[in-house]
Structures are given as C-alpha cells and as structure tokens.
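Q: Protein chains in written order, with my numbering: chain A, 50 to 478; chain B, 2 to 292; chain C, 127 to 434.
By construction, the Cβ of each residue, glycine as well, lies at the ideal position given by its N, Cα and C atoms.
If you're wondering where the values come from, they're calculated on a predicted model, not measured in any experiment.
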Amino acid sequence: MEDPQLEEDQMNPTKRIRKLTLGATALGGLALGAAMPALAADSGPIKIGVIGEASSVAGASIINAAKLAADDINQAGGIDGRKVEIITYDDHSSASDAVSAFKRLATQDKVAAVVGSYISEIALAIEPWSGRLHMPYITPGAASTKITAAVHKNYKMNKYTFQGWLNSAFLAQSVCDFGKDEMVGPYHMKTAVIMSEDAAWTKPLDETYKKCLPKVGLKVLDEIRFNPDTTDFTPIFNKIEGQHPDVIVTGISHVGVRPTVQWHDQQVPLPMFGISSQASTSTFWKDTNGAAEGVLTQTGAAPDVATTPKTMPFAKAYQAKFGDSPSYVGYAAYDDVNAFAQAIKRAGSTDPDKIVAEMEKTKMVGTTGTVQFYGKDNQYAHGLEYGKGKVTGLFIQWQSGKQVTVWPEDVANGKMKFPSFVKLTAATH
Amino acid sequence: MTAIQILIDGFVISALYGLGAIGFTLIFGVTGVLNLAHGGIMVIAALVGWDAANRFSLDPYGAAALGVLAGLIAAYVTYFVVIRPIQRSKRIPADETEIFILTATLLWGVMIQEGMAYLFSDNPVTMRPLLPGVVHILGDRTPVNELMIGVLCWVVIGLLWLVVYRTRFGKPLLAASENPRALGLLGFEMSNIHLFSWTIYGILTGVAGVLLASFLGVSSASAGGLTASAFSIVVLGGLGSVWGSLIAAYVVGYMETITAYVISPQLRPIPALIVLVLVVYLRPQGILGRR
Amino acid sequence: MKTILRSRLLWLMLPALVIAAVGPWWLSAYYLGVLTMAYYFGVFAMSWDLLFGYAGMVNFGPTFLIGLGAYGAALLDTYAGAPIVVCLIFGGLMSIIGGILLALPALKLRGAYFGLVTLVAVLLLRYFIVIFSGFTGGEIGMMVPDILSIDTATNYEYALWFMAASALILVIISRSSLGLILEATGQDPIAAAALGFNVAKHRLAAFCISALFSGLAGGMMVFYSGTASVGTVIDISIGVQIIIAAVVGGRRTILGAMIGSIVILLADELLRPLGQLNIFVVSGICLAVIIVFPGGLLGLMHRQREGA
Chain A
50 MEDPQLEEDQ MNPTKRIRKL TLGATALGGL ALGAAMPALA ADSGPIKIGV IGEASSVAGA
110 SIINAAKLAA DDINQAGGID GRKVEIITYD DHSSASDAVS AFKRLATQDK VAAVVGSYIS
170 EIALAIEPWS GRLHMPYITP GAASTKITAA VHKNYKMNKY TFQGWLNSAF LAQSVCDFGK
230 DEMVGPYHMK TAVIMSEDAA WTKPLDETYK KCLPKVGLKV LDEIRFNPDT TDFTPIFNKI
290 EGQHPDVIVT GISHVGVRPT VQWHDQQVPL PMFGISSQAS TSTFWKDTNG AAEGVLTQTG
350 AAPDVATTPK TMPFAKAYQA KFGDSPSYVG YAAYDDVNAF AQAIKRAGST DPDKIVAEME
410 KTKMVGTTGT VQFYGKDNQY AHGLEYGKGK VTGLFIQWQS GKQVTVWPED VANGKMKFPS
470 FVKLTAATH
Chain B
2 MTAIQILIDG FVISALYGLG AIGFTLIFGV TGVLNLAHGG IMVIAALVGW DAANRFSLDP
62 YGAAALGVLA GLIAAYVTYF VVIRPIQRSK RIPADETEIF ILTATLLWGV MIQEGMAYLF
122 SDNPVTMRPL LPGVVHILGD RTPVNELMIG VLCWVVIGLL WLVVYRTRFG KPLLAASENP
182 RALGLLGFEM SNIHLFSWTI YGILTGVAGV LLASFLGVSS ASAGGLTASA FSIVVLGGLG
242 SVWGSLIAAY VVGYMETITA YVISPQLRPI PALIVLVLVV YLRPQGILGR R
Chain C
127 MKTILRSRLL WLMLPALVIA AVGPWWLSAY YLGVLTMAYY FGVFAMSWDL LFGYAGMVNF
187 GPTFLIGLGA YGAALLDTYA GAPIVVCLIF GGLMSIIGGI LLALPALKLR GAYFGLVTLV
247 AVLLLRYFIV IFSGFTGGEI GMMVPDILSI DTATNYEYAL WFMAASALIL VIISRSSLGL
307 ILEATGQDPI AAAALGFNVA KHRLAAFCIS ALFSGLAGGM MVFYSGTASV GTVIDISIGV
367 QIIIAAVVGG RRTILGAMIG SIVILLADEL LRPLGQLNIF VVSGICLAVI IVFPGGLLGL
427 MHRQREGA
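#1: According to the neighbour-count rule (16 or more other Cβ atoms, all chains shown, within 10 Å of its Cβ), is residue 162 of chain B buried or exposed?
#2: Roughly how far, in whole angstroms, is the beta-carbon of residue 382 of chain C from the beta-carbon of residue 422 of chain C, given that I think they are within contact range, below 8 Å?
#3: Can you check whether the C-beta of residue 285 of chain A is within less than 8 Å of a C-beta belonging to chain B?
#4: Just verifying my parser: in three-state terms, what is the DSSP assignment at residue 480 of chain A?
#5: Can you give me the C-alpha to C-alpha distance between residue 77 of chain A and residue 400 of chain A, rounded to a whole angstrom?
#6: Using 8 Å as the limit for Cβ to Cβ distance, is residue 217 of chain B near chain A?
#7: Looking at the C-beta of residue 302 of chain A, does it have a partner C-beta in chain C at a distance below 8 Å?
#8: Alpha carbon to alpha carbon, how far is residue 303 of chain C from residue 236 of chain C? Give it in angstroms, no decimals.
#9: For residue 431 of chain A and residue 273 of chain C, I'd like the C-alpha separation in whole angstroms.
#10: Can you list the residues of chain A that residue 14 of chain B reaches, using a CB-CB cut of under 8 Å?
#11: For residue 473 of chain A, which residues in the same chain have their Cβ closer than 7 Å to its Cβ, ignoring the five residues on either side in sequence?
#12: From residue 55 of chain B to residue 142 of chain C, what does the alpha carbon distance come to, in whole angstroms?
#13: Between which two residues does the beta strand (DSSP E) containing residue 274 of chain A stretch?
#14: Thinking C-alpha only, which one of B:92, B:118, B:74 is nearest residue 103 of chain A?
#15: Counting C-beta neighbours from all protein chains within 10 Å, is the total for residue 137 of chain C 16 or more, i.e. buried, or is it exposed?
#16: Can you tell me where the alpha helix (DSSP H) holding residue 144 of chain B begins and where it ends?
#17: Name the two residues that bound the continuous alpha helix (DSSP H) containing residue 112 of chain B.
#18: Taking the alpha-carbon of residue 75 of chain B as reference, which of B:220, B:201, B:236 has the nearest alpha-carbon?
#19: Whose Cβ in chain B lies nearer than 7 Å to the Cβ of residue 416 of chain C?
#20: Looking only at its own chain, which residues have a Cβ that is under 7 Å from the Cβ of residue 364 of chain A, when we skip the five neighbours before and after it?
#21: For residue 354 of chain C, write down the residues that DSSP places opposite it in a beta bridge.
#22: When the distance is taken between beta carbons, is residue 196 of chain C closer than 8 Å to residue 371 of chain C?
#23: Measuring alpha carbon to alpha carbon, tell me which residue in C:191, C:249, C:147 is nearest residue 343 of chain C.
#24: Applying the 10 Å Cβ sphere with the 16-neighbour rule, what's the burial state of residue 412 of chain A?
#25: List, in chain order, every chain A residue whose beta-carbon is nearer than 9 Å to that of residue 124 of chain B.
#26: Measuring CA to CA, which of A:461, A:465, A:436, A:442 is closest to residue 448 of chain A?
#27: At the level of alpha carbons, what is the spacing between residue 256 of chain C and residue 272 of chain B?
#28: Can you find a C-beta in chain B that's less than 8 Å from the C-beta of residue 406 of chain C?
#29: Please specify which runs of the alpha helix (DSSP H), each continuous and at least 4 residues long, are wholly inside the region 243-288 of chain B, giving them in chain order.
#30: Counting along the chain, where does the alpha helix (DSSP H) carrying residue 366 of chain A start and finish?
#31: Per DSSP, what kind of secondary structure is residue 292 of chain A in: helix, strand or coil?
#32: Are the region 79-93 of chain B and the region 105-114 of chain B touching, with three or more C-beta to C-beta distances below 8 Å?
#33: So if I threshold CB-CB distances at 8 Å, which residues from the region 64-93 of chain B count as touching chain C?
#34: From residue 96 of chain A to residue 186 of chain A, what does the alpha carbon distance come to, in whole angstroms?
#35: Identify every residue that forms a DSSP beta bridge with residue 481 of chain A.
#36: Run the CB neighbour count on residue 207 of chain A, radius 10 Å, all protein chains shown included, and call it buried at 16 or more, exposed below.
Put into structure tokens, the structure is as follows:
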C-alpha cells in the first residue's frame with residue numbers, strides 16, 4: 050500500500066498536501082473508514098470531478114452530460130487506454146457546499162480536473178480554491194466576467210480556472226445582434242426596457258446591454274434589476290408598461306417560470322427577448338403550463354439544429370438516456386469534459402500545470418461550435434472565445450410546446466410567432 | 002390606475018397570506034403547536050397538484066383537489082410521526098415540549114424541502130389558472146384567475162367560520178383554544194379534537210398552497226420563506242387569534258404591495274418587517290392577542 | 127452527582143482534545159478541512175446553547191450575531207486593511223452591539239414572540255447586505271484580502287484551539303453563579319426577580335457573551351475561507367443547523383452543542399456520496415434522535431452512566 054501512495058505524492062504539486070496525505074494512508078483509512086488509499090496517478094481510471102445540484106434542471110444537465118461524455122470517451126478507448134471515471138457531488142446550489150465538494154474532490158478523490166456549477170457566485174467561490182489546490186477547474190455555465198478577469202490579473206494564482214461558456218458580455222452582444230436582425234429590422238422597434246435579476250452574471254450583462262442596444266437602434270428607457278427571490282412580478286411589469294417601451298430585454302436565469310407565467314397570465318402586451326436560461330430547458334413548457342409560448346432566449350445549441358456535426362448525436366443520445374433534452378449548460382458540460390480529456394491525453398499526464406498548458410491550446414469541435422480559450426493577455430483570459438467560426442449561440446422560441454430555432458438565419462428552422470396578447474406594433478410613446 | 006392595481010393586487014396577496022396563516026394560528030390556538038414545517042405542507046400540496054395535472058392530464062380543479070388531499074395527508078403525517086410522539090414522550094419534560102416541537106418541525110420542514118427537491122427539482126412551478134383570461138376594471142387589466150383566487154380565499158375562510166361557529170364539531174374546538182384542561186375534565190376526548198383540528202389545518206394549508214401555486218408559483222425552495230411569512234403574520238396578529246391573523250395579513254400584504262409599486266420592488270418586504278418588530282416590541286401580544 | 131459527572135466529562139474531553147490536536151498527523155487534508163468548519167460551528171452552537179439552555183431564550187437568529195461579526199471583520203479588512211486580529215476584535219464588538227439590540231426585546235418578550243424578533247433580525251440583516259451590495263458584495267459575497275493561513279493543518283489548529291478555549295470559558299460561565307442565576311431566570315423570571323436577582327442585567331450579560339463568541343467565530347470563519355457570504359454566515363438555514371446541532375448534541379450542556387456540531391457536519395460529509403439526498407438523510411436521523419433520545423447525544427452518555 051505504501052509504494053503507490055509515494056508515487057502519487059511525487060506527482061502531487063503541493064508539498065503541503067504531500068505531507069498530509071502521507072499521514073492519511075497510515076491512519077486515516079482505519080480511523081474514518083472513508084479515507085481510501087488513493088490509486089497511483091499513472092494507472093487505473095482518470096477521474097474527473099463534477100459538481101452540480103441534481104435538483105435543479107441545469108445542474109442535473111451538467112451531471113448527465115458529463116457522464117455521457119465519459120461514456121463516449123470510454124467507448125472510443127478512453128485516454129490512452131485508461132478509462133474516464135466521473136465522480137459527482139451535489140452542491141445544493143450553495144457556495145459553501147460547492148467549495149467543500151471541490152476540496153473533497155481535490156484532496157480525497159484525487160481527481161485530475163473538475164467541471165462544476167453554472168452559477169457565477171459559486172464559480173467565483175471555487176476559483177481561489179482551484180488556485181490554492183492547483184486543481185484545473187472549468188465552469189460550464191457561469192457567465193460573470195469577474196471569473197476571467199481574475200485569471201487575467203493574477204495568472205499565476207488563478208490559471209487553473211477556465212470558463213466553459215460565453216461570458217455575459219458576449220451573451221449581451223449576441224442578444225443585441227439578434228435584436229438588430231429580428232426586432233429593429235422587421236418591426237421597427239425603437240425603445241426597450243432591460244429587466245434583469247440582481248446577480249453576479251447580470252452586472253456585466255446589463256453594462257453591455259446598455260452599450261450595445263442603442264448601437265443597434267433600441268433606446269434603453271430604463272434598467273430594472275430585481276431580487277432573485279421575487280415572487281410577484283406584477284409591480285415590475287406594471288412599471289415597465291408605464292414607460293411604453295416596444296420590447297423587454299431580459300437577463301434571467303435563477304428565475305424564469307414566475308416572470309414567464311405572470312407575463313402570460315397578465316397578458317403583458319410587450320414581447321420579451323434576451324437571456325432566459327430556464328427557457329432553454331425542455332421541461333420549461335411543462336413547468337409553465339404552456340405560458341412559455343412566444344418566449345425567446347439565447348442558448349448554446351438546439352437538439353434539432355446541426356450547429357456542428359456533434360450537436361445532434363449528443364442531443365439524441367442525451368434524450369435517449371435521460372428522457373429530456375439538455376439545457377445550455379448540458380452542451381457546455383459535454384464539451385468541457387471532452388476538452389479536459391483531450392488536454393490530459395496531449396499532456397500525457399494528470400499534472401495540473403501540464404493540463405492547464407494543454408487546455409490553453411484547445412481547438413476542438415464541440416457541440417456548440419469550435420471550443421477555444423482566450424490567452425492570458427486577453428481581458429477574458431481562459432474564457433470561451435466568441436465569434437463566427439467559434440461559438441456564437443443561437444436564439445430559440447417556444448412555439449406550441451416546441452423550441453424553434455429562429456436565429457441566426459443560416460440555421461433557423463422557423464419564423465418568430467407571438468401569442469395574440471402581445472402587440473408588436475405597440476404604440477411608440 | 003396604479004391605485005386600482007395596488008388595491009386589487011394587495012387584496013389578493015393579503016387574502017392568500019391570510020389563508021396561509023389561519024391554519025398556522027388555529028393549530029397553535031387549539032393544540033399549542035407552532036408547526037415550523039408549515040411552508041413545507043403548502044409546498045407538498047402545490048407540487049403534488051401540479052405533478053398530478055401533468056401526469057394524469059387532469060383539469061385544474063381535479064389537480065387542485067388532489068393537491069389539497071396531499072396537503073391533508075402531509076398534515077396527518079406531521080401530526081402522527083413528528084408531533085404526537087413528542088407530546089406523549091415521557092422523557093421530555095413538559096416545559097420543554099415547545100422547543101422540541103420547534104426543533105422537530107424545523108427538521109421535518111428541511112426533510113420535506115429536500116425530499117420535494119429530489120422528487121420534483123427545485124424549479125418553481127405554476128398550476129394552470131382555474132379561469133384563464135383577463136378583465137378590465139376601471140382601465141386596469143387584471144387576470145380573472147387573480148380575482149378568482151381572492152374570492153376563493155374568502156369562501157374558504159367563510160366555510161371555516163361556519164364549521165367552527167355553527168356546527169357541533171366546532172364548539173369543542175373553540176373551547177379547547179380557551180381552556181384545554183377544563184375540556185378534558187368535561188370528558189371530551191382531546192385526541193379527537195386534536196385530530197379534527199389537524200384535519201382542518203391540512204385542508205386550509207393545502208388550499209393555500211394550491212392557490213399560491215396557481216397565482217405566483219411555488220418551488221421546493223419556497224418552504225422556509227412561506228413558514229417565516231405565516232409565522233410573522235400570526236405573531237403580528239396575536240398567536241392563536243384567527244381574526245388577528247386576517248387583519249395582520251392585510252396589513253403586511255398591503256404594505257408590501259404599496260412598497261413594491263410606489264418605492265421599489267427591491268425593497269418590498271422591508272417596511273413590513275420593521276413594522277413587525279416595532280409592533281411586537283411595543284405590543285408583544287400582537288394586534289388581537291390576549292394576555 | 128453533578129460534580130462527578132462534570133469531572134468525568136472533563137476526563138473524557140482531555141484525551142479527545144489530545145487526539146484532535148494531533149489530527150494533522152493522522153487525518154487527510156480533506157477531513158481536516160471538514161473538521162475546521164465543524165469546530166467553528168461548534169462555537170456557534172455552544173453560544174446558542176448558553177442563551178437557550180441556560181437563559182431559556184429561543185434565539186432563531188444566531189446568524190444575526192455571527193453575520194455581524196463576520197461582515198464587521200470582513201469590511202474592516204477590505205476597506206481599512208487592518209490586521210486580522212484587529213478585524214476580529216472589531217467583528218466581536220459589532221456582534222456585542224447586535225447582542226444588546228437582541229437583548230432589549232428579550233427583556234420584555236418570551237417564547238415565540240422573542241423567537242420571531244430574532245428571525246426578523248436575520249432577515250433584515252440579509253436584506254441590508256443585499257441592498258448595499260456595492261460594499262458588501264450582496265448575494266455573491268465578498269472576498270477578503272487576508273486569510274489566516276493557506277496551510278490546512280494550521281487552519282485546523284487555529285479552529286481547534288479557538289473552540290477548546292471557547293468551550294472552557296463557556297462551561298465555566300455556565301457553571302458559575304451567572305449560569306445558575308440564568309437558569310433560574312429562564313425557568314421562572316418572576317421568582318428569580320423576587321429572590322433579588324437582577325434579571326435584566328444577567329440576561330444582558332448572557333447575550334453579550336453569546337454574541338462575542340458567535341462574532342469571533344464568524345470572523346475566524348471568514349478569514350479561514352477567504353470569503354464572507356450570506357449563504358455561509360447569515361442564511362436562516364445556517365441558524366437552523368446550529369439549533370439542530372445544539373439540541374441533538376444535548377441542550378443545556380454546552381459541550382453537547384459542540385459534539386452535536388461535529389457529529390452533524392461529519393455525517394453530512396460522510397453521506398455526501400448520497401448526492402442530493404444527504405441533507406434529507408441527516409435531518410431524518412436528527413429527527414429520530416431527538417424524538418427517541420430527547421437528552422441528545424450527551425444525555426445518552428449520562429443515562430448509560432447513571433444506569434451503571
């Protein structure tokens with residue numbers, strides 16, 4: 050039992066952990082019954098940790114997609130013959146639970162890398178630990194620009210963190226581009242009100258909205274930020290209507306069902322577009338009893354649109370195995386596990402610094418586009434690259450219980466339609 | 002226009018708060034139990050009703066009925082599994098029963114919340130409106146369902162009044178809230194009275210959960226917040242006083258609605274919380290509390 | 127009887143402390159991390175037990191006191207760059223002020239009414255932090271520039287000795303005349319006042335002591351994890367966990383609260399492989415414990431010894 054442990058320790062980057070794990074082999078296993086002696090790092094399966102809340106639709110998507118990615122990698126022979134093993138922990142969407150799960154993955158389960166959480170607050174809490182423990186980490190959904198700003202500012206400490214999905218600034222840009230093509234163009238809309246939940250990821254989102262919406266011809270009349278605990282949206286819709294905009298631009302992810310259902314039940318005559326992350330999940334129609342009709346959201350990929358050759362096979366396999374289609378973080382999590390696996394293969398080891406170096410060289414056709422990360426000199430260091438030929442995302446709209454892709458035009462498979470209570474030629478002032 | 006909107010929204014929200022709180026105060030008045038799993042029971046009714054509607058393609062009324070039934074069952078389980086063992090335990094000193102019931106129902110509430118999250122995810126869900134569409138009242142656009150919910154709340158409250166004050170089942174209930182020991186001496190079987198009040202409690206709370214899900218939506222994560230809000234209203238109104246709770250519900254409901262419309266939706270709960278602290282401090286027995 | 131018990135407990139505690147102190151030699155870094163958190167929770171729960179077990183005050187808002195200490199320390203560190211010790215003392219002072227604020231209603235109110243005030247205090251503090259998110263980081267929480275140590279073992283020892291010292295002081299206080307008078311006022315304030323005890327003064331003292339330890343532990347936890355966030359030091363769910371730990375461990379024993387915290391946090395971690403159901407299972411076990419063994423874990427030990 051002694052020898053493999055020593056080898057493992059020599060692989061380990063931090064002297065501190067080396068010293069402590071030595072003690073752990075001697076007594077820990079006996080004392081607590083759970084401290085299993087770790088396997089040597091150069092044989093046996095390569096472990097990848099996954100953190101997500103199985104009770105939330107997006108969190109479940111992360112876990113399922115990561116397992117599917119591991120299955121696919123293993124079917125193709127694994128990483129140089131070694132199987133990929135996924136170890137998952139539930140963080141109950143709490144930062145402290147996520148951090149303790151992360152520490153457990155790093156120090157107890159000895160994973161090679163961690164994929165976890167779509168919530169920016171949680172990713173920001175994990176980031177310093179990824180630096181302290183030298184544990185490569187990627188978030189498949191957290192969009193705050195603070196995550197990558199920290200990598201840029203203190204590369205040496207934070208280089209182990211990657212952002213596996215577009216950051217808020219790019220998300221906002223893609224919403225503005227859509228607004229120009231589909232709202233200002235055909236309907237001659239001139240004014241908008243921003244309605245965003247108060248959370249880490251919407252701060253850069255709203256800032257970019259306020260810059261890019263006027264550029265595409267939508268004057269921003271007001272920015273309403275509300276507490277994610279809000280249950281009654283009547284006063285908010287009431288206030289927005291009082292300002293007579295042509296359209297509402299959304300930035301919501303922690304909430305989704307309540308504003309959508311109340312928008313529908315109160316027959317608010319304004320269309321909404323923007324980010325409404327929960328609307329990207331296949332259960333959203335059921336959760337809202339069909340009030341989602343006409344709701345638009347930006348998302349990573351759609352199950353029936355071949356963004357890349359990998360998109361549809363993944364979505365089909367996911368649906369066959371788990372019964373519903375993946376949410377946007379599902380696509381990203383699948384890509385992230387693959388990106389890690391390829392980086393480990395190229396590195397030829399699970400040494401964290403080598404993995405990070407190889408991750409930086411990633412250029413991989415994933416399910417949402419070509420996955421690449423910005424370099425350390427970019428302000429979005431280690432963030433997912435945005436743009437044509439890379440990843441852009443697309444817009445879907447709920448129509449009669451189905452998600453129809455309406456933008457960009459080259460992949461669209463339907464036209465926009467709104468429920469009858471939405472007045473598209475709404476009076477301008 | 003805003004004034005009318007505030008009037009209508011405040012009325013419905015307050016009615017829902019009231020209905021949610023009455024069961025809580027009733028069970029305290031009659032059996033002396035502060036049930037901190039209260040929000041959890043509302044959540045069970047809402048989620049089961051919503052799930053049944055999808056699973057069996059039920060109409061909104063059928064789903065609501067199943068939801069209320071689930072609430073009733075949850076109330077019975079709370080009583081038989083959590084509360085009665087503590088009340089009857091010989092190892093727990095009588096003067097400490099209260100803290101044990103508080104802790105046990107707190108734990109039970111956590112279990113309900115986690116269990117519901119496991120079964121139904123923590124996504125908020127809304128039940129289909131009982132009546133779809135909107136009406137215009139003095140230029141104000143209001144969903145019919147909202148009005149319907151306000152009216153239903155008051156119908157249920159009216160029925161409760163009839164049962165308690167006008168039937169032979171209700172009389173012992175009233176007496177028990179006045180002086181349980183005397184009632185026991187008169188030969189009434191207290192356990193029957195307890196069971197009866199838990200039945201009423203389960204129905205009231207189930208209805209409140211289902212209506213809340215139809216109006217604002219409910220998720221497993223709402224459980225704690227719902228308990229806190231019922232608790233505040235009940236203490237503000239005076240523990241054990243049904244009418245006090247109703248008045249308190251309207252005070253809180255309108256203060257929140259006015260704050261949300263006139264000041265900012267962000268600050269919604271704050272003025273009500275401050276008033277609550279002040280009232281409890283200046284008049285600890287609450288608005289209509291005895292003592 | 128009581129003195130024998132006390133000394134026996136002490137005898138049991140000493141070797142336990144020695145075994146714990148050499149933890150870094152036999153525990154993995156991961157469990158050291160879990161125990162570090164558990165030790166801070168232990169201090170929270172012991173402080174709560176002083177108020178509940180002895181003074182009879184059902185405080186639903188332990189996180190009001192903890193949060194004030196944690197955020198007080200974090201804000202001073204972030205905006206004034208003060209040394210950690212100064213920040214901790216400042217946080218402790220903030221908690222004491224909070225304790226006095228809570229004690230004011232406690233002099234008049236009892237039972238559920240007092241419980242509600244403490245609950246509302248937590249809610250208000252939470253909203254306050256969210257509304258002033260420009261300074262406090264809001265829901266995201268704030269990162270503090272300084273941390274106690276990056277070394278797991280050092281952090282562990284800090285937490286352990288802090289808890290041990292707190293436990294000793296709190297046990298001594300609870301067994302002193304102050305503790306006895308508190309117990310008397312908790313059970314029957316009128317009788318206690320008739321006997322000539324100043325109920326208000328003693329209750330105020332209890333609140334200040336409880337607040338001081340809660341606040342210090344909250345501050346230490348901030349400098350351990352490097353962040354102060356609503357989810358880790360203020361959320362009602364944290365308060366619930368503290369109350370449950372104290373009751374499951376055995377109320378009115380101080381040390382029981384400490385044992386309860388450690389057992390529950392360890393159970394939480396050991397059951398983490400259950401995934402999303404771990405909290406459900408831990409809560410279920412706790413519920414069973416308090417229904418079947420109302421004396422809690424420590425009470426169970428007493429009972430066996432009494433029987434023998």
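A: In short, the structure shows the following:
#1: exposed
#2: 5 Å
#3: yes
#4: No answer is possible for residue 480 of chain A: it lies beyond the span of chain A, which begins at 50 and ends at 478.
#5: Residue confidence for residue 77 of chain A is low, a pLDDT of 35 falling below 50, so the modelled location carries little weight; the figure read from the coordinates is stated next. The alpha-carbon atoms of residue 77 of chain A and residue 400 of chain A are separated by roughly 25 Å.
#6: yes
#7: no
#8: 23 Å
#9: 26 Å
#10: 281
#11: 236, 320, 467
#12: 55 Å
#13: 268-275
#14: B:118
#15: exposed
#16: That residue, residue 144 of chain B, is in no alpha helix (DSSP H); its beta strand (DSSP E) goes 141-144.
#17: 98-121
#18: B:201
#19: 101, 104, 105
#20: 352, 374, 375
#21: C:268
#22: no
#23: C:191
#24: exposed
#25: 104, 105, 106, 305, 306, 327, 330, 332, 333, 336
#26: A:465
#27: 15 Å
#28: yes
#29: 243-259, 271-283
#30: 360-371
#31: coil
#32: yes
#33: 83, 86, 87, 90, 92, 93
#34: 13 Å
#35: There is no way to answer for residue 481 of chain A, as the model of chain A reaches only from 50 to 478.
#36: buried
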